[in-house]
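Visitor: Here it is, the structure, as structure tokens.
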Amino acid sequence: MKKILFLLLLTSGAYAQQEVLNVQHYCVDVKPFKKGECDINGNEYSFVFLDIQKKDVTFFFTDTKLKYKITESHIEEANPNFTWYNLINEKGSMAMRINKQKTKIEFIDATNHIYLTVGKSTKSE
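Shown next as structure tokens:
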């Protein structure tokens, strides 16, 4: 019985690990927003660490580290292919939207929209 319990705990720990999403391209639209246009774009070293179990999101964006707590999440009714997350940290709040395939991520606040394209080789299945 102890072996079964140990295996169950070990297995659940493996599934609760954070996901590392490798950003292949980013596009930043700065207010005033222009749909489909980027004020800043590139493919520098960027990652999103997503841990749904711990409700943590860390976004390494070139030379900036943004760390957030997930306060709420819901699936978009109009487009069930996307999940919305409300995020908060000591500097304020932000929304994050991720598609089911985890290939498109958006970070949205009052002054910036950051669009990320995630590489297929590192997205979770």
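Sequence positions in the sequence shown follow the working numbering and run 1431 to 1555.
Quick reminder that beta carbons are idealized off the backbone N, C-alpha and C, glycines included.
#1: Quick check on residue 1457: does DSSP put it in helix, strand or coil?
#2: If you run the structure through DSSP and keep just helix, strand and coil, what is residue 1538?
#3: What separation, rounded to the nearest whole angstrom, lies between the Cα atoms of residue 1480 and residue 1538?
#4: How many angstroms separate the CA atom of residue 1526 from the CA atom of residue 1535?
#5: Skipping 5 residues on each side, what residues in its chain have a beta carbon closer than 8 Å to that of residue 1505?
#6: Whole angstroms is fine: what's the gap from residue 1517's alpha carbon to residue 1543's?
#7: Please name the residue, chosen from 1448, 1459 and 1532, that lies closest to residue 1486 on a Cα-to-Cα basis.
#8: Between which two residues does the beta strand (DSSP E) carrying residue 1529 extend?
#9: Exposed or buried, which one is residue 1470 when buried takes at least 16 other CB atoms within 10 Å?
#10: Looking at residue 1541: is its Cβ nearer than 7 Å to the Cβ of residue 1461?
Guide: Looking at the coordinates:
#1: Taking the sequence shown and counting its residues from 1, one reaches residue 1457 at position 27. It is a strand residue.
#2: As a working note, residue 1538 is residue 108 in the sequence shown. Note: residue 1538 maps to strand in three-state DSSP.
#3: As a first step, residue 1480 is located in the sequence shown; it is residue number 50 there, counting from the start. As a first step, residue 1538 is located in the sequence shown; it is residue number 108 there, counting from the start. Roughly 16 Å between the two C-alpha positions.
#4: Looking up residue 1526 in the sequence shown gives position 96. Looking up residue 1535 in the sequence shown gives position 105. Answer to the nearest angstrom: the Cα atoms are 7 Å apart.
#5: Reading the sequence shown from its first residue, position 75 is the one you call residue 1505. These residues qualify, in order along the chain: 1512, 1513 and 1514.
#6: Taking the sequence shown and counting its residues from 1, one reaches residue 1517 at position 87. Taking the sequence shown and counting its residues from 1, one reaches residue 1543 at position 113. The straight-line gap separating the alpha-carbon atoms of residue 1517 and residue 1543 is approximately 14 Å.
#7: Numbered from its first residue, the sequence shown carries residue 1486 at position 56. Among 1448, 1459 and 1532, the Cα nearest to that of residue 1486 belongs to 1448.
#8: The residue given as residue 1529 occupies position 99 in the sequence shown. Note, residue 1529: beta strand (DSSP E), 1522–1529.
#9: Walking along the sequence shown from the start, residue 1470 turns up at place 40. Exposed, since its Cβ has fewer than 16 Cβ neighbours within 10 Å.
#10: As a working mapping, residue 1541 is identified with position 111 in the sequence shown. As a working mapping, residue 1461 is identified with position 31 in the sequence shown. Yes.
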